[in-house]
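In this note's numbering, the protein residues as written are 21 to 154.
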Amino acid sequence: ICVHQQDVHKVVYAASETYMNRSGAAVQALCRDYLLTDPSKIVVVHDDLDLPPGRIRLKLGGSIAGHNGLASIARQLRTTEFARVRIGIGKPPSKFDGPNWVLSRPQGEHADSQDCAFRRAAEAIEVVTREGLQ
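Here it is in structure tokens:
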């Protein structure tokens, strides 16, 4: 956990240490500990199989698209109306390789594009925490 003062706002950066499908409990604990009651002020960064490797997208609310981590967070917050920074990891070579694909380290050009996406995602998080997401 890292707490950063950004202008007049306090920004809390955290990485869950729970299993992805239980990340909602970690988000709920952060909300409790930092007295955060507005889910739209939460920014979740997550992988996305439906985006090409290295692509990022910003989104406020909407479907969880079968993502177990988002489902866990939505259950705990009782809403899907939180901001997301989606980082594309692309589709696995076979539909049966999904879990292994998500958990594996990218190789070659996928690794390079993901490194670039992480930098752009960090910049996007700064903008979203400062200006919001409409």
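Beta carbons: idealized from backbone N, C-alpha and C, even for Gly.
Remember, predicted model here, so these are calculated numbers, not experimental data.
Closest Cα partner of residue i within the set the options
i: T38; options: I93, A103, L80; result: I93
i: L80; options: D132, P112, P59; result: P59
i: D98; options: T149, L153, A35, C51; result: The amino acid at residue 98 is misidentified as Asp; the sequence shows Arg. Checking every option, the nearest Cα to that of R98 belongs to C51.
i: A91; options: S43, I145, K30; result: S43
i: G89; options: P73, Q48, H29, G74; result: Q48
Residue i versus residue j - alpha carbon distance
i: R140; j: I84; result: 22 Å
i: L153; j: E146; result: 11 Å
i: Y33; j: D117; result: 31 Å
i: G82; j: T100; result: 6 Å
i: D135; j: I62; result: 23 Å
i: C128; j: G86; result: One point to set straight first is that residue 128 is Gly, not Cys, in the sequence displayed. Computed Cα separation, rounded: 27 Å.
i: K111; j: C22; result: 32 Å
i: D132; j: M40; result: 24 Å
Supposed contact pair residue j and residue i - C-beta distance, whole angstroms, cut 8 Å
i: R150; j: D27; result: 7 Å
**Whole beta strand (DSSP E) elements within the stretch 34–100, 3-residue minimum** = 63–68, 76–80
**Request:** Decide yes or no for the touch test of the stretch 58–69 against the stretch 102–113: beta carbon pairs closer than 8 Å, at least 3 of them.
**Result:** Cβ pair count under 8 Å is three or more, so yes.
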